[in-house]
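These notes concern the structure reproduced below.
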Amino acid sequence: MQNQSSPSNTPDLPTPEPGLSRRERRERRRWRRGPIIAAGAVVAVGALVGSGFALQSAVAAQNDSIAATAELSAATDLRVEQLGSHSNILEARAVKTAEDTLNGAEDTLSAAKGKADATALASSVAALDDYRLLAPERVFELAETTVAHTTTVKKAIATADRVEAEKKAAAEAAARAAAEAAAAEEAASAESESSGGSRPSGPANPSGAQAIARDMLAARGWGDDQFGCLVSLWDRESGWNVYAENPSSGAYGIPQALPGSKMGSAGADWATNAATQIAWGLGYISDRYGSPCGAWDHSESNGWY
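The numbers in numbering that gives the first Met the number 0 rise by one with no breaks, and the one at position 158 of the sequence shown is 157.
Written as structure tokens, this is what we have:
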């Protein structure tokens, strides 16, 4: 049997180049490995440098982000907790403003009934009444509008109150005047009754100033009884003399006005015209005593009128 050689575990070695010594072959192999090692080193260094640049860029970006965040925080000076607190304070202010404004507006609405038009105020109150559902900015806006409407309605109420007060004062003054006139008439009637009810009578056919006086009495609705009292009254005062003057008091004219210039309200010719003096005298008697007989009764009791 022929022996067969078994495979060898020894790796294949490069075939020695013929003609080269062992030293030359070793140097040749070292020279070939040099570029390979150099190339590997270059690749390794490049990979390392590239990784360094990428790492540096990431760090720089992270630093920029941190700086930006710090800058924003410094600008606002509000942390999350502070922002929440600020929001709560704003909402509380809005609620307080709304409630105070509504309280004042509702009082004004009540006072305006029958006195002023409060339609615009009622509308703004209705809008503000939903303040808990609104943003604080909207609440403040509605509150400002409601305050403006409230001021307008308050002014209208003040005007209405003033007018009402003036009317009431005028009515009270008229009532007092009527009461005083009634009291004067009652007093005159009482005086007339105490004097026995006797009244003087006037002349049947008056002339001159007395005739003028009778016509003026009739124009005022006074009858002959009043004419008789007037004749007797002014007989006593002046004797129906247009130029009669009291040396003690200075009273002047038929009605003995004191001073005589008062009669100027009836005419500029008061010093010489009987009709002017009589017109003034009848007005004075009407205002002061209600009638010529009332003036006569007072003169009878007091000696003057």
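Beta carbons: idealized from backbone N, C-alpha and C, even for Gly.
Keep in mind the model is a prediction, meaning the values are calculated, not measured.
Item: CA-to-CA distance, residue 102 to residue 146, given in whole angstroms; Value: 11 Å
Item: With 16 other Cβ atoms within 10 Å as the buried cut-off, status of residue 150; Value: exposed
Item: DSSP beta-bridge partners of residue 251; Value: 244, 256
Item: Pair within 8 Å by beta-carbon distance, residue 237 and residue 255; Value: yes
Item: Limits of the unbroken alpha helix (DSSP H) element including residue 289; Value: No alpha helix (DSSP H) holds residue 289; DSSP gives it neither H nor E.
Item: Within 8 Å, strictly: CB atoms of residue 127 and residue 97; Value: yes
Item: Close beta carbons around residue 54, own chain, < 8 Å, minus the five adjacent residues each side; Value: Reliability fails at residue 54, whose pLDDT of 49 lies under 50, so the model's placement of it is uncertain and no value is given.
Item: Same chain, Cβ closer than 7 Å to residue 159, five either side skipped, listed in chain order; Value: 114, 115
Item: Status (buried if at least 16 other CB within 10 Å, exposed otherwise) for residue 248; Value: exposed
Item: Euclidean distance between Cα positions of residue 133 and residue 167; Value: 47 Å
Item: 4 or more residues per run - each alpha helix (DSSP H) lying fully within the stretch 158-228; Value: 207-218
Item: Collapsed DSSP secondary structure at residue 112 in the structure displayed; Value: coil
Item: Where residue 304 falls: helix, strand or coil (DSSP); Value: coil
Item: Alpha-carbon spacing of residue 298 relative to residue 280, whole angstroms; Value: 15 Å
Item: Contacts around residue 274, its chain only, beta-carbon distance under 6 Å, and the 5 residues preceding and following it disregarded; Value: 211
Item: Three-way DSSP call (helix, strand, coil) for residue 87 in this model; Value: helix
Item: Cα-Cα separation, residue 199 to residue 264; Value: 30 Å
Item: Outcome for residue 107 when other beta-carbon atoms lying within 10 angstroms are tallied against a minimum of 16; Value: buried
Item: Neighbour-count burial assignment, residue 242, 16 or more Cβ in a 10 Å radius; Value: exposed
Item: Nearest candidate by alpha-carbon position, reference residue 180, set 304, 296, 287; Value: 287
Item: Cβ neighbour criterion (16 or more within 10 Å) applied to residue 43; Value: Note on residue 43: pLDDT 44, under 50, position unreliable in the model; the coordinate value appears next. Exposed.
Item: Buried or exposed (CB count within 10 angstroms, at least 16 for buried), residue 291; Value: buried
Item: beta-carbon residue 234 near the ligand GTP non-hydrogen atom, thresh 7 Å; Value: Of the ligands one can find in the structure shown there are none, so the ligand GTP has no counterpart to examine.
Item: Residue 278 versus residue 164: straight-line alpha-carbon distance, rounded; Value: 37 Å
Item: Cutoff 6 Å; reference residue 185; Cβ partners in own chain excluding five residues on either side; Value: none
Item: Candidates 285, 178, 117, of which the one nearest residue 154 by Cα; Value: 117
Item: Backbone secondary structure at residue 45 - three-state DSSP; Value: For residue 45, the pLDDT reaches just 47, beneath the cut-off of 50, and the residue's location in the model is therefore unreliable, although a value from the coordinates is still provided. DSSP places residue 45 in helix when its eight states are reduced to three.
Item: Neighbourhood of residue 141 by C-beta, 7 Å cutoff - its chain only, sequence neighbours within 5 removed; Value: 123, 126, 127
Item: Coil, strand or helix - residue 102 by DSSP; Value: helix
Item: Member of 135, 129, 121, 99 whose CA lies at the smallest distance from the CA of residue 88; Value: 135
Item: Cβ-based neighbour list, residue 120, same chain, cut-off 8 Å, excluding 5 preceding and 5 following; Value: 104, 107, 108, 111, 145, 148, 149, 151, 152
Item: Exposure label - residue 252; buried when at least 16 CB within 10 Å; Value: buried
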